[in-house]
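Asks:
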Amino acid sequence: MAKSKSFLVLCMDVGFSMSNSAFGEESSFEQAKKVVQKFVQRQVFAEAKDELALVLFGTDSTENPLAQDDQYQNITVHRNLMIPDLELLEEIENQVHPENQQADWLDALVVCMDLLQTGTNGKSYDRLNIALLSDLATEADSEQLDVIIENLKQAGITLQFFLPFPVEDEAKDAGDAGRGGPGTPGSGKGLSREQKSGLEMVKHIMLNLDEQEGLDQIYTLRNAIEQLHMFKCIERRPMAWPCQLTIGSSLSIRIVGFKAVTEEKLKKTWLKVDAQSNQKDDVKRETVYCLDDDNETEVPKDDIIQGFCYGSDIVPFSKVDQEQMKYKHDGKCFSVLGFTKRNLVHRHSFMGYQAIKIFAALNDQHAGVALSALVRALDELKMVAIVRYAYDRRANPQIGAAFPCIKQHYECLIYVQLPFMEDLSHFTFASLDSKKFTPSDTQLQAVDSLIDSMMLVEQDEDGDLQDMVKVHNIPNPQFQRHFQCLHHRAVNPGTPLPPMEPWLAAVLDRPDVIKERCGAPLEEVKRMFPLKEVEKKKKLKTSAQIFGKDSEQPDAKKAKGDAAPAEEEEEEEEEYNLADISEGSVTSVGSVDPARDFRILIKQKILPFNKACEQLTHRIEQLLGNKNTQYYMKSITCIQAFREQSVKLRNADPYNSYLQSLKRSIPTRGLEVFWDLLVQDAVSLISQDEVQGSSVSKHEATQFLLAEEKKDEAVAITEDDTGDVDDLLDMM
């Protein structure tokens, strides 16, 4: 069965008189246009399926199906019945303007009635409505008034009028009208003769349609704007969730659940459109998978499998593995695991995005009696049920609390999700007790007074505390701002977004009573806790200290000063460097960039030099285990860094010892290719000329690489110590 919906026609007067206004006030046309805009906004962003039409009267042209023989002139059907969209908002903004003609508002009403009857023929609906916005400044022909009222009744069409003045303005003196034409609300001017006559006809129509509340359907434009400025919430009908409430293995109650409170989300994803064609169909998404090679070879989707990195290995994880790893349960479930005192379930432990009301199954008397007994027992004992809840087989089960809820017309359980142990985060904070920062009694009293003055509750006439801010009446500010920006972008593309609407900013601000009440306590807190600006004196650094150079002073001038030892100069020069910003935290020599890590460890003195050398040589041995040119080059880079830092720190023994041991192990480990690369880069021992205290002479360092070239392989094989990596590391 198709869901019934409403059909509405907005009938707006755009005639000449609608442009009249008092100085400094909005004209009736501007107010009526705002009402139409805000109503259409509500319909569009609430994503309702109701259909809407827009009829304009007082237009320079005539375009309606009843126009013939000089009847129903200056009336235009701007939009036939259809679901409102952003295009309609754009048309209202850019195409609806005040025009220079006048039209009979009763004729416009007849056109709207005909539009509803022809547009809803054969369709199901629950409401037909016409909203007419006019200043009634044009004299209407009342000859067919009773016939129009009868047709409205027979068709079941409800009617609403939006006028620039309240109904009570009819009592004002007609003589005032001669001073400025048609009256405007709040201006103190009376109504014209045409407006008085039109208002009498409006009242006659509304009282005949509804004797009791007919006049309540006559609104002023200003009040309508205030009521429509808030975007309408997206309406949803909760779906029933049938299940079995089980207690143990023998007690089962048929229940049905409904979402009572849930997180509000946008029902529709506002799609992107092509910037040139302005069509969403022109924006297409295509995903391809390519290898990480020079040609970026495309791989079919069927040949791809998910994987996870474990070190340098990639472990495949297929869909079969994923299905096997999923938690499997028996489907929907609402099983009571136990009961506990209500005061043990704290509000700050509530989780999830919804609260579910649990009722007994419809027309099941036994289930109703059993659930009622459970609810009343929990309420009398001040306890709650701890429940295992699973929506269906695909959803992960939850643990929650079911609270009893007894109202005048119904009884139910309210389910709220509770956290598992891994969902809880425990934070430990330092104690605030400190002799240096202990507040005085006067300071504590000032803070207490400020808190009391900012309490958002007040006593009513009976002495009961009532909330000053009604949370049920405050709209979601995120949605209100979101829809405001969407509307602005739709009707004014390419322009900056507008500021937040004043009414929304006022809703989010503190109440005026709180502002007045907390003024004095706030000043007292400022006096009791004075703030002083503390300027941190920074040690000025020269360009030489920052960039490693001093272009302003010549070398000769530097030499005249008190020179520090070379080691201290280098250390002071490297105290600050822009590259240090990107170094991050290094605690050991890693495998990604071991040479860089080694330099940082030495530079920042994180590890002793010998410990850092052990880690670096361990990485070099790991790299040499992969007999590949890429790893050989990386090893040479590490050896160069080893040599560089050894010379800088005047400690050559660890480096010379390792390089000599490495040379002896070359033949047995098959690293001749690596040694050739090392010889090409001329990475030799550290001699006495470079570091005082080295046991290697300059001649020995020079012959270290050359002698290897002249040696015969047989000699290398007969060496006493062929070398073992672990033994080498132990000897160092």
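Per our numbering, the very first residue in the sequence shown carries number -12; after that it's consecutive.
Positions of the beta carbon are idealized from the N, C-alpha and C atoms, including for glycine.
#1: Which of the three DSSP states, helix, strand or coil, is assigned to E520?
#2: Between which two residues does the alpha helix (DSSP H) harbouring K140 extend?
#3: Give a yes or no on whether the C-beta atoms belonging to L(-3) and L53 are separated by under 8 Å.
#4: Does the segment 592 to 603 touch the segment 627 to 645, meaning 3 or more C-beta pairs lie closer than 8 Å?
#5: Spell out whether any CB of chain D is found under 8 Å from the CB atom of A507.
#6: I believe M193 touches Q204 by the beta-carbon criterion, under 8 Å. Please report the beta-carbon distance rounded to the nearest angstrom.
#7: Report yes or no: do the segment 425 to 435 and the segment 403 to 410 share at least 3 C-beta pairs separated by less than 8 Å?
#8: Is there contact here, the segment 87 to 103 with the segment 115 to 124, by at least three beta-carbon pairs under 8 Å?
#9: Assuming the contact rule is C-beta atoms closer than 8 Å, L484 and C472 should be a hit. Round their C-beta distance to whole Å, please.
#10: In angstroms, rounded to a whole number, what distance separates the CA positions of K328 and F337?
#11: Assign V1 to one of two classes, buried (16 or more other C-beta atoms within 10 Å of its C-beta) or exposed (fewer than that).
#12: Quick check: the segment 17 to 29 against the segment 208 to 220, are there 3 or more CB pairs under 8 Å?
#13: With distances taken from CA atoms, which of Y619, S(-7), S305 is nearest S111?
#14: With a threshold of 16 other CB atoms inside 10 Å of the CB of S121, please say whether the residue is buried or exposed.
#15: Residues in its own chain within less than 8 Å of C625 by CB, not counting five upstream and five downstream?
#16: Beta-carbon separation of I70 and K36 under 8 Å?
#17: Touching or not, the segment 357 to 370 and the segment 314 to 321, by the rule of three or more beta carbon pairs under 8 Å?
#18: Here's the rule: buried if 16 or more other CB atoms are within 10 angstroms of the residue's CB, otherwise exposed. What is E310?
#19: Taking the beta strand (DSSP E) that C392 falls in, what are its first and last residues?
#20: Run through the segment 615 to 692 for me and flag every whole alpha helix (DSSP H) of 4 or more residues, listed as ranges in chain order.
#21: Using 10 angstroms around the beta-carbon of E503, count the other beta-carbons present and answer buried if the total reaches 16, otherwise exposed.
#22: Based on DSSP bridge pairs, tell me the residues matched to N116.
#23: Note down, in chain order, each residue of its chain lying with its Cβ closer than 8 Å to the Cβ of F3, except the 5 sequence neighbours on either side.
#24: Report yes if the C-beta distance between A9 and V42 is below 8 Å; otherwise report no.
#25: Could you have a look at H316 and say whether DSSP puts it in helix, strand or coil?
#26: Please name the residue or residues paired with D375 in a DSSP beta bridge.
#27: Assuming G244 contacts K306 (C-beta within less than 8 Å), just tell me the rounded distance between them.
#28: Compute the beta-carbon to beta-carbon distance between I242 and F321, rounded to the nearest angstrom, for a pair I have assumed lies under 8 Å.
#29: Nearest to L509 by alpha carbon, out of M455, S436, P153?
#30: Quick one, which of T107, P229, S48, Y645 has its alpha-carbon nearest D351's?
#31: Please state whether the Cβ-Cβ distance between I589 and Q632 is less than 8 Å.
#32: Pick out whichever of I501, E448, F466, F414 has its Cα sitting closest to the Cα of V456.
#33: Is it right to say T574 is buried, meaning 16 or more other beta carbons lie within 10 angstroms of its own, or is it exposed?
#34: Can you list, in chain order, the stretches of the alpha helix (DSSP H) that have 4 or more residues and sit fully within the segment 185 to 224?
#35: Let me check understanding here. Comparing Cα to Cα, which of L123, S684, D668 lies closest to S674?
#36: Please list, in chain order, all residues of the same chain as F691 whose beta carbon is under 6 Å from its beta carbon, the five residues on each side excluded.
Replies: Walking through what the data contain:
#1: E520 sits in coil when the DSSP states are folded into three classes, being neither helix nor strand.
#2: 132 to 142 is the span of the alpha helix (DSSP H), which, as asked, contains K140.
#3: At least 8 Å separates the beta-carbon of L(-3) from that of L53.
#4: Contact between the segment 627 to 645 and the segment 592 to 603 is present, because at least three Cβ pairs lie under 8 Å.
#5: Checking the listed chains, one finds no chain D in this structure; it contains a single protein chain.
#6: Contact between M193 and Q204 holds: their C-beta atoms lie close to 6 Å from each other, under 8 Å.
#7: Contact fails: fewer than three Cβ-Cβ distances are below 8 Å.
#8: With the cut-off at 8 Å, the segment 87 to 103 and the segment 115 to 124 touch.
#9: Indeed, because the Cβ distance is near 5 Å, the residues count as touching under 8 Å.
#10: Distance between K328 and F337, taken at the CA atoms: about 16 Å.
#11: With 16 or more Cβ atoms within 10 Å of its Cβ, V1 is classed as buried.
#12: Yes, the segment 17 to 29 is in contact with the segment 208 to 220.
#13: Residue S(-7) is the option with its Cα nearest to S111.
#14: With 16 or more other Cβ atoms within 10 Å, it is buried.
#15: Excluding sequence neighbours, C625 sits near P581, A582, F585, L603, R606, I607, L610.
#16: Going by C-beta atoms, I70 is nearer than 8 Å to K36.
#17: The segment 357 to 370 vs the segment 314 to 321: no contact.
#18: Looking at its Cβ environment, which holds fewer than 16 other Cβ atoms inside 10 Å, E310 is exposed.
#19: Going by DSSP, C392 is part of the beta strand (DSSP E) stretching over 385 to 393.
#20: Counting whole runs of 4 or more residues, the segment 615 to 692 contains the alpha helix (DSSP H) stretches 616 to 635, 640 to 656, 659 to 667.
#21: Answer is exposed; the Cβ neighbour count stays below 16.
#22: The partner list for N116 (beta bridge, DSSP) reads L(-5), T145.
#23: Same-chain partners within the cutoff: G45, P85, E86, N87, Q88, Q89.
#24: With respect to V42, A9 sits apart: the two C-beta atoms are not nearer than 8 Å.
#25: In the structure shown, H316 sits in coil (DSSP, three-state: anything other than H, G, I, E or B).
#26: The identity of residue 375 in the sequence shown is Arg, whereas the question assumes Asp. According to DSSP, which records beta bridges pairwise, R375 is partnered with S322, I386.
#27: The Cβ separation is near 32 Å, so there is no contact.
#28: Distance from I242 to F321 at the Cβ level is roughly 7 Å; contact confirmed, criterion being Cβ atoms closer than 8 Å.
#29: Closest by alpha carbon: S436.
#30: Measuring from the Cα of D351, the nearest candidate turns out to be P229.
#31: In this structure, I589 sits near Q632, with a CB-CB distance shorter than 8 Å.
#32: If we check each option's Cα against that of V456, I501 comes out closest.
#33: By the neighbour-count rule (16 or more Cβ atoms within 10 Å), T574 is not buried but exposed.
#34: Segments of the alpha helix (DSSP H) lying fully in the segment 185 to 224: 208 to 215.
#35: The candidate whose alpha carbon is nearest that of S674 is S684.
#36: If we look at F691 and ignore the five residues flanking it on each side, its Cβ neighbours are S671, L672.
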